[in-house]
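With our numbering applied, the sequence shown corresponds to residues 1 to 475, in that order. In what follows, a structure is listed as structure tokens, so that the remarks can point back to it.
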Amino acid sequence: MRRHSPAQPSIPRILLSLILLAGCSIPPPLIDRIKNAGELIVVTRNSGTTLYEGPEGLTGFEHDLVQLFAKELGVKAHFIIPKRFEDLMPMVIQGKAQLAAAGLTVTPDRVSEIRFGPSYQEITQQIIYRRGNQRPRKIEDLVGGKLVVLAGSSHEEELLRLKSQYPDLSWESRSDLESAELMQMVQDLEIDYTIADSNEFAVNRRFMPNLGVAFDLTEPQPLAWAMAFAEDSSLYDAMEHFFNRIREDGTLDQLIERHYGHIGRLNFVELQTFVKHFENRLPKFEVPFKEAESITGIDWRMLAAIGYQESHWNPKAKSPTGVRGIMMLTQAAAKQMEIEKRMDPHQSIIGGAKYLRYIEDKLPERIQEPDRLWLTLAGYNVGFGHLEDARKLTEHLGDDPDKWAEVKQHLPKLSLKKWYTGLKHGYARGSEPVNYVDNIRAYYELLRWQLRKHAQEERNNNRPPHALSIIPEAL
1 MRRHSPAQPS IPRILLSLIL LAGCSIPPPL IDRIKNAGEL IVVTRNSGTT LYEGPEGLTG
61 FEHDLVQLFA KELGVKAHFI IPKRFEDLMP MVIQGKAQLA AAGLTVTPDR VSEIRFGPSY
121 QEITQQIIYR RGNQRPRKIE DLVGGKLVVL AGSSHEEELL RLKSQYPDLS WESRSDLESA
181 ELMQMVQDLE IDYTIADSNE FAVNRRFMPN LGVAFDLTEP QPLAWAMAFA EDSSLYDAME
241 HFFNRIREDG TLDQLIERHY GHIGRLNFVE LQTFVKHFEN RLPKFEVPFK EAESITGIDW
301 RMLAAIGYQE SHWNPKAKSP TGVRGIMMLT QAAAKQMEIE KRMDPHQSII GGAKYLRYIE
361 DKLPERIQEP DRLWLTLAGY NVGFGHLEDA RKLTEHLGDD PDKWAEVKQH LPKLSLKKWY
421 TGLKHGYARG SEPVNYVDNI RAYYELLRWQ LRKHAQEERN NNRPPHALSI IPEAL
């Protein structure tokens, strides 16, 4: 009699069951989950190089870059700003955000904890000191001074690395402040030194003219977005495709130009002079600037920045070429705008604002802000005919005539015989409108910052506001 053992399932059936079970537990790729949710959760910082509130809402280099990425994915960007810088990466690692877009430096310590995407910019860590004090020129010179840095930053990481070489080096780490606040403490003589990324210093030095770079602490380092190590690379792959595209089509260069193109235009003396004229001259002309805004719809602060670039708010200003007044109108422009007295501040400001709008209306409707404004300002300075020549030349050379970042590269060619002989309006000093626009952009941001600072001081002093006591957007 044959004995039979209990029936056993076949090997193929067991494998099939395991495969089916495993298949049920595999989540969809991360990028698909983001798209299905319709939202990309991004942790960032509130600073001049990342995200801040501008005249038309949230802006900032990282903000605008993320918005472009979210648009490409077909989702909305949801931004989270933690209270402390050192919470940025843990929030990504813990899954509370899918991305950190905060001007993060790629460092050896960070690479071991988190995955970085493609680099989009380079910065250098710099030692910041106050002009007038003794300038440190090497690491040893920092010993004995009060050095304060951002807790959890690449700056602190670099100091920890240097500590083994310079055991007497000491510093304080702060979790409750941002980089700009530490720079302000140096400006106010509350501390001796801090460390800032080169792009952050460039943005903030306009508002803190007494600051200087003592020396570079590092070689150039890459900035990149950060994400958690995931079970799939779908988010990284999407980011890589995105950055490759915006590099190739010029979008990244245009964004860098938009946020950094005017940085560094003003030197120490120019910044100090602006502050003096802000206090002594601008109050006399704020009313007509605001009236011009009500007539034309152009931000009065932008008009004031133009007026400062033109004349330093001097109503008696004249040039050898015949332009006069605060807005330095030509006789032809004044006549066209029905202005009888160019030296009259009120008439000059109203006329200048109207003429600016007149030039803007001649541009094709398809051109969007802020390129529309920058091109208008260039036309105000060099003449609309020369601007059109530059735009046609830009297009002829394969670039976008509707983007200021690309037109400004070709405007200087208007002074070269090789190029201007083939243009309708001939020779022009093409470098001037480039400098003109960049200066106005710098003055505009400096004016907004001064107004905000002025208003804060008056609130602190509990004094009733006067003409300049408005509260502009936070920078």
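Using N, Cα and C, we set each Cβ at its ideal position, and we do this for glycine too.
- Ser47 carries a strand assignment under DSSP once its states are collapsed to helix, strand and coil.
- Under the DSSP definition of a beta bridge, Tyr193 partners with Leu147.
- A distance below 6 angstroms between beta-carbons, with the five flanking residues on each side excluded, links Arg45 to the following residues of its chain, in chain order: Ala102.
- Contact between the segment 137 to 157 and the segment 236 to 251 is not established, with fewer than three Cβ pairs separated by less than 8 angstroms.
- Between Ile359 and Gly379, the C-beta gap is smaller than 7 angstroms, which places the two residues in contact.
- Separation of Ala77 and Ser164 (C-alpha to C-alpha, rounded to the nearest whole angstrom) is 42 angstroms.
- Distance from the CA of Pro433 to the CA of Lys408, rounded to the nearest whole angstrom, comes to 8 angstroms.
- Of the other Cβ atoms in all chains shown, 16 or more fall within 10 Å of the Cβ of Asp192; this residue is therefore buried.
- Segment contact: the segment 129 to 139 against the segment 211 to 222, three or more CB-CB distances shorter than 8 angstroms; contact assigned.
- In this structure, Pro118 is the residue among Leu266, Pro118, Phe289 with its C-alpha nearest to the C-alpha of Gln221.
- The C-alpha of Glu113 lies about 11 angstroms from the C-alpha of Val92.
- Here the C-alpha atom of Val269 lies approximately 21 angstroms from the C-alpha atom of Pro283.
- Going by C-alpha positions, Met328 is about 35 angstroms away from Asp64.
- Taking all protein chains shown into account, Val66 has 16 or more neighbouring C-beta atoms within 10 Å of its C-beta and is therefore buried.
- In the pairwise beta carbon analysis, the segment 331 to 339 is classified as touching the segment 348 to 359: at least three pairs are separated by under 8 angstroms.
- Residue pairing by DSSP places Arg131 opposite Asn133 in a beta bridge.
- Around the beta-carbon of Ala224, 16 or more other beta-carbon atoms lie within 10 Å, marking it buried.
- Counting the other Cβ atoms within 10 Å of the Cβ of Ala37 gives fewer than 16, which makes it exposed.
- The shortest CA-to-CA distance from Lys83 to any of Asp176, Ala70, Asp32, Ala100 is the one to Asp176.
- If you ignore the 5 residues before and after Glu395, its C-beta comes within less than 6 angstroms of the C-beta of Pro401, all in its own chain and listed in chain order.
- Around the beta carbon of His241, fewer than 16 other beta carbons lie within 10 angstroms, which makes this residue exposed.
- Here the alpha carbon of Ile81 sits roughly 8 angstroms from the alpha carbon of Leu88.
- In the three-state reduction of the DSSP assignment, Phe207 falls in the coil class, being assigned neither a helical nor a strand state.
- Within the segment 271 to 347, complete alpha helix (DSSP H) segments of at least 4 residues are found at 282 to 296, 300 to 311, 331 to 336, given in chain order.
- DSSP places Glu172 in the strand class (E or B) of the three-state scheme.
- Gly297 has its alpha-carbon roughly 38 angstroms from the corresponding atom of Asp188.
- Below 8 angstroms, enough C-beta pairs join the segment 308 to 325 and the segment 272 to 290 to call them touching: three or more.
- Following the DSSP letters along the chain, one finds Arg115 inside the beta strand (DSSP E) bounded by residues 115 to 123.
- By the Cβ criterion, the segment 197 to 205 is in contact with the segment 120 to 130, since at least three pairs of Cβ atoms, one from each stretch, lie closer than 8 angstroms.
- Shown here, His425 sits in coil according to DSSP, grouped into three states, outside any helix or strand.
- With contacts defined as CB atoms closer than 7 angstroms, Tyr444 and Met302 qualify as a contacting pair.
- As a beta-bridge residue in DSSP terms, Val213 pairs with Ile128.
- Between Leu411 and Gly430, the CB-CB gap stays under 7 angstroms.
- Here Ala224 carries a strand assignment [DSSP, helix/strand/coil].
- In the three-state reduction of the DSSP assignment, Lys96 falls in the coil class.
- Cβ neighbours of Gln272 within its own chain (closer than 7 angstroms, five residues either side excluded): Pro209.
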